[in-house]
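Chemist:
In the UniProt record's numbering, the protein residues as written are 1 to 70.
What follows is the structure, encoded as structure tokens:
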């Protein structure tokens, strides 16, 4: 998000839970014989894509961040 021409810093969080949800969505959507309505499949695909963007663009591993200057 932008505020006054500046980008907000990346959000840091434990990526474990988000990666688990993302992985389960990927497996669910690739499961052969999955019996969901077309609208449900589309909604799950949109959710998966949104999580992927969140992971790639906004979340960083805590080890990737610079610590405070000493």
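Glycine included, every Cβ here is placed at the ideal spot set by N, Cα and C.
Reducing DSSP to helix, strand and coil, say where residue 59 ends up.
Modeler: It is a strand residue.
Chemist: In three-state terms, what does DSSP make of residue 36?
Modeler: Of the three classes helix, strand and coil, the one that applies to residue 36 here is coil, per DSSP.
Chemist: From 58, 34, 59, 26, pick the residue whose C-alpha is nearest to that of residue 46; which is it?
Modeler: Comparing Cα positions, the closest option is 26.
Chemist: Taking the straight line between their C-alpha atoms, what separation do you get for residue 19 and residue 56?
Modeler: Approximately 11 Å between the Cα atoms of the pair.
Chemist: Report all residues from its chain with a CB closer than 7 Å to the CB of residue 35; omit the five preceding and five following residues, and keep chain order.
Modeler: Closer than 7 Å at the Cβ level, and outside the excluded window around residue 35, lies no residue.
Chemist: With a Cβ-Cβ cutoff of 8 Å, do residue 51 and residue 21 count as a contact?
Modeler: It is a contact, given that the beta carbons lie within the stated cut-off.
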